Structure formats: C-alpha cells, structure tokens
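These protein sequence lines map, in sequence, to chains A and B. For the first sequence, the numbering used here assigns the number 19 to the initial residue and increments by one for each residue that follows. For the second sequence, the numbering used here assigns the number 3 to the initial residue and increments by one for each residue that follows. Just so it is clear, CB atoms sit at the ideal spot from N, CA and C, and this is done for glycine as well. Treat the numbers as computed from the prediction; the structure is a model and nothing was measured. These notes are about the structure you will find just below.
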Amino acid sequence: MEEDDRVTLTDSQRKAQRSRSLAIALALVAFVVIMYIVTVIKMGPAILDRPMF
Amino acid sequence: MALVEKNGYEEAAFRVSEAQAGDYLALLKPRVMSLVVFTAFAGLVTAQAPVNPFIAIFSILAIAVGAGASGALNMWYDADIDAVMTRTASRPVPSGRISADQALAFGLFLSAFSVMALGLIANWLAAALLAFTIFFYAVIYSMWLKRWTPQNIVIGGAAGAFPPMVGWAAVTGDVGVFSVIQFLIIFLWTPPHFWALALFKSEDYGRAGIPMMPNVAGEASTKRQIFAYTLVVAVVGVLPSVLGYTGFIYGVVAAGLGGGFVYYAWKVLRMPESDRTMGPAKALFGYSLLYLFAIFAVLIAESVFARLGFVW
Chain A
19 MEEDDRVTLT DSQRKAQRSR SLAIALALVA FVVIMYIVTV IKMGPAILDR PMF
Chain B
3 MALVEKNGYE EAAFRVSEAQ AGDYLALLKP RVMSLVVFTA FAGLVTAQAP VNPFIAIFSI
63 LAIAVGAGAS GALNMWYDAD IDAVMTRTAS RPVPSGRISA DQALAFGLFL SAFSVMALGL
123 IANWLAAALL AFTIFFYAVI YSMWLKRWTP QNIVIGGAAG AFPPMVGWAA VTGDVGVFSV
183 IQFLIIFLWT PPHFWALALF KSEDYGRAGI PMMPNVAGEA STKRQIFAYT LVVAVVGVLP
243 SVLGYTGFIY GVVAAGLGGG FVYYAWKVLR MPESDRTMGP AKALFGYSLL YLFAIFAVLI
303 AESVFARLGF VW
C-alpha cells in the first residue's frame with residue numbers, strides 16, 4: 019500500500035486514540051487482577067489440590 | 003483519504019473517531035451509575051450474609067458496569083430525542099463525538115461482559131437479575147414505554163429499582179422480602195421524582211415528543227398523582243422498621259424523611275398554574291434525591307452497626 023493511501027491522523031485524533039487505548043489497557047489489567055483474586059477466593063487452598071499429570 | 007474514496011464510502015461514514023475515553027465513560031451515565039452502586043450496596047449489606055469483601059466489591063463493580071451498559075444502550079436508541087432536549091443535547095452521541103453504532107456495540111459488549119462477570123464472581127441468580135434489569139431498561143423502557151405511554155417512568159422505574167435485589171442476590175443466592183421492600187421504595191419514589199422534573203421541563207419533553215404525564219394528562223392531574231405516590235412511598239419507607247428488618251432509628255428517620263417528602267409534594271399540589279418558575283417542583287425534585295440518598299444511607303448505617311454488634 020502506498021503512503022498516499024493511508025489515513026493520516028490529526029493531533030486530536032491521535033490524542034483521542036491514545037486516551038482510548040490507555041483506558042482499554044487499564045480495564046484489561048483490572049479484569050485480569052479481579053479474576054485472579056476471585057479464582058483464589060473461590061478455590062481457596064484447593065487451587066493447588068489437583069493432579070499435576 | 004484515498005483508501006476511503008477507492009471503496010466508495012462517504013467521508014462521513016468513515017470518520018476517524020475523536021472520542022476520548024471520557025466520552026465513553028459519559029455513555030455509562032456515571033450519575034445514574036453512582037445511585038445504582040449505592041442502592042446495590044444497600045441490598046448487599048442489608049442481606050446480613052457472610053461474604054468475602056473482595057467478592058462484595060467486585061460484585062458491585064459488575065452491577066455498576068451492567069447499569070452503565072444499559073445507559074449506553076439507552077443513549078444509542080434515544081440519540082434523536084436527546085438531540086432536541088437541552089438537558090441531554092451535549093451527550094456523546096447527539097453531539098457527534100461517538101457514533102450511534104459505536105454506542106450500540108459498547109453497550110452490547112458491556113452488557114454481556116457484566117452479566118458473565120457477575121455470574122462468575124457471585125452467582126447466576128444475581129447475573130440473571132442483572133441481565134433482566136438491563137433488558138428492562140434498554141428494551142421495555144427505552145424502546146417501548148418511553149415514547150408510547152405517560153406511564154413510561156412508572157413501569158420503567160422498575161429498572162432503577164432492581165439494584166438492591168441484585169446486590170442482595172449476589173451475597174445470598176436468593177431474593178428476600180426485605181430486598182423486595184427496597185425495590186418498592188425506589189419503584190414508588192420514581193414517579194414523584196421524574197414528574198417533578200417533567201413539570202418544569204415539560205416544554206423540552208413536548209418538543210421531543212415524549213408523552214410525559216404533564217404533557218398528556220395536564221399539570222393538575224400530574225400534581226395529584228405526584229402527591230398520591232409520595233403518600234404511598236412515605237408509608238412504604240417505614241415498612242422495614244415496622245416489619246422488624248431494621249431498628250427504631252431507621253423508622254424515625256424514614257418517617258421524618260417521608261414527612262418532608264409529603265410536605266414538598268403538598269407544596270407542588272398547591273402550586274398555582276400561573277407559576278411558571280415552578281419553584282416548588284424544582285424543590286421537590288431536589289428533595290427527592292436527598293430522600294432516596296438519606297433513606298438508603300440510614301439502611302446501610304444500621305446494617306453496618308448491627309454487624310459490629312450495636313443493636314437498637
């Protein structure tokens with residue numbers, strides 16, 4: 019694809035994109051942490067009580 | 003822009019978004035969300051069931067996201083009428099910062115996500131209640147009742163009243179009588195709250211073609227109905243104490259707050275038709291917010307103190 023075919027973002031578009039990307043990243047990190055904590059709480063010590071093979 | 007032209011799209015149909023994260027946050031109706039968090043927390047605390055604090059916090063978070071999702075779906079569907087009402091014209095969709103399709107996708111994704119999360123974090127009854135709440139607000143209220151009948155906010159008020167039941171179900175796995183009473187308090191509080199707003203915003207609603215009670219049945223009838231609902235909510239407000247779910251202090255405070263609510267509704271009932279500044283209606287609207295906040299704050303406080311061993 020030639021350079022001319024690309025959409026060049028304006029400053030405000032780039033700034034908005036960065037703001038959205040950051041929010042998605044934070045939300046994903048929060049979701050992973052929440053699910054990790056919930057898993058530990060729900061399974062308790064049994065989290066390690068499983069056959070390894 | 004060559005890429006766009008080659009594919010034959012209109013420029014407006016392919017527009018690089020300038021929406022900030024804050025615009026998406028605004029789609030979630032943060033003020034409504036804060037009330038949902040507060041009342042869901044009341045349901046969760048008053049259930050008096052043993053619960054891990056992390057599970058409680060994450061459950062409330064999932065309920066909040068579900069409430070936000072229904073707000074986004076509402077803004078997607080109502081963008082046309084939001085655009086002509088002064089109160090809502092600056093919302094992200096009518097102002098053009100977020101497209102209707104983006105709002106729809108955001109709302110649908112968060113709806114499914116929040117229900118799944120609540121099911122995994124708490125239990126599937128709570129998740130089912132949350133799903134029903136979102137469906138009720140987005141489909142029954144926004145798509146059907148709102149533009150069709152002056153009873154829109156009466157029936158639709160159920161959507162805003164479910165959060166205490168969802169919070170209760172999240173920690174108990176069932177639906178208790180006390181949570182149903184909390185549902186009733188919000189359900190019966192909704193008509194006087196919104197009709198007070200509809201009285202002094204009737205021109206806005208009229209312009210948008212929404213059949214609110216003052217526009218359909220007239221101001222006199224609306225004022226009488228406001229007063230009637232206020233009397234009922236004042237009585238239902240003290241039921242938790244009468245039925246023994248709370249202590250004496252809640253009963254006294256609820257009775258006092260209910261008395262104040264009736265007083266403000268009475269002032270609206272006596273408001274002359276010639277009064278176009280509608281001071282009493284604005285005062286009732288403000289007081290109704292204080293009423294709901296205060297009554298649930300006392301419910302929460304009593305439950306917390308009861309857990310700590312203080313009983314009165």
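**OP:** Output the boundary residues of the alpha helix (DSSP H) element that contains residue 253(B).
**Re:** Here the alpha helix (DSSP H) through residue 253(B) covers 250-271.
Original post:
For residue 116(B) versus residue 71(B), is the C-beta distance shorter than 8 Å?
Top reply: yes
Original post:
When the cut-off is 8 Å and only beta carbons count, does residue 65(A) lie next to chain E?
Top reply: Judged by its chain identifiers, the structure shown contains no chain E, and its protein chains are A and B.
Subject >> Proximal residues, the stretch 16-43 of chain B versus chain A, C-beta separation under 9 Å >> reply: So the close ones are 16, 18, 19, 20, 21, 22, 23, 24, 25, 26, 27.
Original post:
Looking only at C-alpha atoms, which of 125(B), 261(B), 55(B), 35(B) sits nearest to residue 297(B)?
Top reply: 261(B)
**OP:** Go ahead and label residue 63(A) buried or exposed: buried means 16 or more other beta carbons lie within 10 angstroms of its beta carbon, across all protein chains shown.
**Re:** exposed
Original post:
Using the C-alpha atoms, what's the distance from residue 29(A) back to residue 190(B)?
Top reply: 50 Å
Original post:
Between the C-alpha atoms of residue 167(B) and residue 24(A), what's the straight-line distance to the nearest angstrom?
Top reply: Between residue 167(B) and residue 24(A), the C-alpha separation is close to 52 Å.
Original post:
Shorter than 8 Å from the beta carbon of residue 50(A) to some beta carbon of chain B?
Top reply: no
Original post:
Does the beta carbon of residue 27(A) sit closer than 8 Å to a beta carbon anywhere in chain B?
Top reply: yes
Subject >> Distance between residue 100(B) and residue 293(B) (C-alpha atoms, nearest Å) >> reply: Cα-Cα distance, rounded: 35 Å.
**OP:** Out of 47(B), 156(B), 162(B), 25(B), state which residue places its alpha-carbon closest to the alpha-carbon of residue 37(B).
**Re:** The candidate whose alpha carbon is nearest that of residue 37(B) is 162(B).
Subject >> Span separating the alpha-carbon of residue 137(B) from that of residue 158(B) >> reply: 11 Å
Original post:
Listing by chain order, which chain A residues have their CB less than 9 Å from the CB of residue 125(B)?
Top reply: Within chain A, no residue comes near residue 125(B); the closest Cβ sits about 11 Å away, beyond 9 Å.
Original post:
Counting Cβ pairs closer than 8 Å, one from the stretch 18-38 of chain B and one from the stretch 259-278 of chain B, do we hit at least three?
Top reply: no
Original post:
Taking 8 Å as the CB-CB limit, is residue 312(B) close to chain A?
Top reply: no
Subject >> Under the three-state DSSP convention, the category residue 86(B) falls into >> reply: coil
Original post:
If you follow the alpha helix (DSSP H) that residue 228(B) is part of, which residue opens it and which one closes it?
Top reply: 221-244
Original post:
Should residue 88(A) go down as buried or exposed, given a rule of 16 or more other Cβ atoms within 10 Å for buried?
Top reply: The displayed coordinates of chain A run from 19 to 71. Any statement about residue 88(A) would go beyond what the structure contains.
**OP:** Check whether the Cβ atoms of residue 201(B) and residue 213(B) lie closer than 8 Å to each other.
**Re:** no
Original post:
How many whole angstroms separate the CB atoms of residue 68(B) and residue 113(B), which I take to be in contact at a CB cut-off of 8 Å?
Top reply: 7 Å
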